[in-house]
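Colleague: First the structure, which I've put down as structure tokens, then a few questions once you've had a look.
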Amino acid sequence: MNEAKYIWMNGEFKPWKEAQTHVLSHTLHYGNGVIEGTKAYKTAKGYAIFRLNDHTARLLESAKMTLIEIPYTVEQLNEAQLELVRKNEFNGDNVYLRPFAFLGYGVMGVYHKDAPVETVLAAWEWGAYLGEEGLKSGIRLKIASMNRPSNTSNMGKAKATANYLNSQMAKFEAIECGYDEALLLDDQGYVAEASGASFFMVYKGQLISPPNDNSLESITQKTVIEIAKDMGYEVVRRRISREELYIAEEAFLTGTAAEITPVRDIDARIIGGGSRGPITEKIQSTYFDIVFGRNAKYEHYLTYID
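For the sequence shown, the positions run -3 to 302 when the working numbering is used.
Structure, rendered in structure tokens:
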């Protein structure tokens, strides 16, 4: 992991190695915490955070869902993230930001409301989540043996730390089987999402993505849908069965970390030509133009550091 100089913790900037918590912090034992993933890109005007307000607002929404009371406003957390990037004096092309809140030390037991809330903002330089080669040539995707939990047993729309145990196990399974990433189905057998990204496929000219019935409302997914519609593509949100995946003409994943990552293989079935498809490449290129400040039409999504 690429360490930075400072982490913002409960309103103070602390040296990276001094941002610590007690081993009996509540979240370590019972899993209730909320996270975000945001990215700053080095544009011609300096670093700019992509869709900062949307990500910060979603953090507070996740906290409300899971009964964590973050004592900061969206505006306060936005400014703290901007200052964090300034103080860390990064040099790379992009910086990953991880706002999160967890329950600290003070009480034990499943009832959590008496535990103190710790709010933290971290940032570090982080390259392509699924590899630079994956962005160009595509990755191999495996349908996981376990499903995304149903809406009757968890809160999939909260970006909650506990939800990621499901993702961890699916991702481990995929990698152990020689794949790069896992794709999870819902409890009805339809595509939900990857372990940490949303899914798109191209079939007969349509760009298709599953509804977020029991998964996170993805900000990058919304961006891609907007981009695709502006390009004139028909975008359909509907259930996708396992069988349909195998005959897709193109497929790709989207997310803050995954960005736009092509899929070349699902369950040993070659997708399209077995590499990044033309529609995927066009959307990917446009996305990178937007986040790096090279597309004035979407510049309103960028919050510049200076």
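We put the CB at the ideal spot given by N, CA and C, even for glycine. A quick note: this is a predicted structure, and the numbers were derived from the prediction, not measured.
With distances taken Cα to Cα, identify the nearest neighbour of G201 among E230, Q184, L181.
Modeller: Locating residue 201 in the sequence shown gives position 205, where the first residue counts as 1. Among E230, Q184, L181, the Cα nearest to that of G201 is on E230.
Colleague: Count the other C-beta atoms from every protein chain shown that fall within 10 angstroms of the C-beta of N87, then say buried if there are 16 or more, exposed otherwise.
Modeller: Here residue 87 refers to the residue found at position 91 of the sequence shown. When all chains shown are included, N87 counts as exposed.
Colleague: Go through its chain and collect everything with a Cβ distance to I221's Cβ below 6 Å, but skip five positions before and after it.
Modeller: The residue given as residue 221 occupies position 225 in the sequence shown. Correct list, in chain order: V231.
Colleague: I need the DSSP call for W361, collapsed to helix, strand or coil.
Modeller: A question about residue 361 goes unanswered here, because the residues of the chain that appear run from -3 up to 302.
Colleague: Taking only runs of the beta strand (DSSP E) that begin and end inside the segment 241 to 280, which ones reach a length of at least 3 residues, in chain order?
Modeller: 246 to 251, 255 to 262
Colleague: Just mark H51 as buried or exposed, buried being the case when its beta carbon has 16 or more other beta carbons within 10 Å.
Modeller: Within the sequence shown, the letter at position 55 stands for residue 51. Buried.
Colleague: Suppose you measure from the CA of S34 to the CA of M104; what does that come to, to the nearest Å?
Modeller: Looking up residue 34 in the sequence shown gives position 38. Looking up residue 104 in the sequence shown gives position 108. A small correction: the amino acid at residue 34 is Thr; Ser does not occupy that position in the sequence shown. The C-alpha of M104 is placed about 31 Å away from the C-alpha of T34.
Colleague: Which residues mark the beginning and the end of the alpha helix (DSSP H) in which L80 is found?
Modeller: Along the sequence shown, read from residue 1 onward, the residue named residue 80 stands at position 84. It spans 70 to 84 - the alpha helix (DSSP H) in which L80 sits, taken as one unbroken run.
Colleague: Report the three-state DSSP secondary structure of Q184 (helix, strand or coil).
Modeller: Along the sequence shown, read from residue 1 onward, the residue named residue 184 stands at position 188. Here Q184 sits in coil by DSSP.
Colleague: Identify whether M5 lies in helix, strand or coil by the three-state DSSP scheme.
Modeller: In the sequence shown, counting from the first residue as 1, residue 5 sits at position 9. If DSSP states are grouped into helix, strand and coil, M5 belongs with the strands.
Colleague: Quick check on G102: buried or exposed, where buried means 16 or more other Cβ atoms within 10 Å of its Cβ?
Modeller: As a working mapping, residue 102 is identified with position 106 in the sequence shown. Label assigned to G102: exposed.
Colleague: Counting C-beta neighbours from all protein chains within 10 Å, is the total for E32 16 or more, i.e. buried, or is it exposed?
Modeller: Indexing the sequence shown from 1 puts residue 32 at position 36. With 16 or more other Cβ atoms within 10 Å, it is buried.
Colleague: Can you tell me which of the three DSSP states F46 falls into?
Modeller: Stepping through the sequence shown from its first residue, residue 46 is reached at position 50. DSSP places F46 in strand when its eight states are reduced to three.
Colleague: Where does L203 sit, in a helix, a strand or coil, going by DSSP?
Modeller: Here residue 203 refers to the residue found at position 207 of the sequence shown. Three-state DSSP puts L203 in a strand.
Colleague: The alpha helix (DSSP H) that contains F168, what's its start and end?
Modeller: On the sequence shown, residue 168 is found 172 positions in, with the first residue counted as 1. Per DSSP, F168 belongs to the alpha helix (DSSP H) from 160 to 172.
Colleague: Tell me, please, which residues DSSP counts as bridged to A190.
Modeller: Stepping through the sequence shown from its first residue, residue 190 is reached at position 194. L179, per the DSSP bridge assignment.
Colleague: What does the Cβ neighbour count give for T69, buried or exposed, with the cut at 16 atoms within 10 Å?
Modeller: As a first step, residue 69 must be located in the sequence shown, where it is residue number 73. By the neighbour-count rule (16 or more Cβ atoms within 10 Å), T69 is not buried but exposed.
Colleague: Please classify W12: is it buried, with 16 or more other beta-carbons within 10 angstroms of its beta-carbon, or exposed?
Modeller: Mapped onto the sequence shown, residue 12 falls at position 16. With fewer than 16 other Cβ atoms within 10 Å, it is exposed.
Colleague: CA-CA distance, E213 and P206?
Modeller: On the sequence shown, residue 213 is found 217 positions in, with the first residue counted as 1. On the sequence shown, residue 206 is found 210 positions in, with the first residue counted as 1. Roughly 11 Å between the two C-alpha positions.
Colleague: From P145 to M151, what distance separates their C-alpha atoms?
Modeller: Residue mapping note: residue 145 aligns to position 149 of the sequence shown, counting from 1. Residue mapping note: residue 151 aligns to position 155 of the sequence shown, counting from 1. Each residue's alpha carbon lies about 9 Å from the other.
Colleague: When you compare each of A36, T276, Y199, S194 to E79 by their alpha carbons, which one comes out closest?
Modeller: Mapped onto the sequence shown, residue 79 falls at position 83. Ranked by Cα distance from E79, the first of A36, T276, Y199, S194 is A36.
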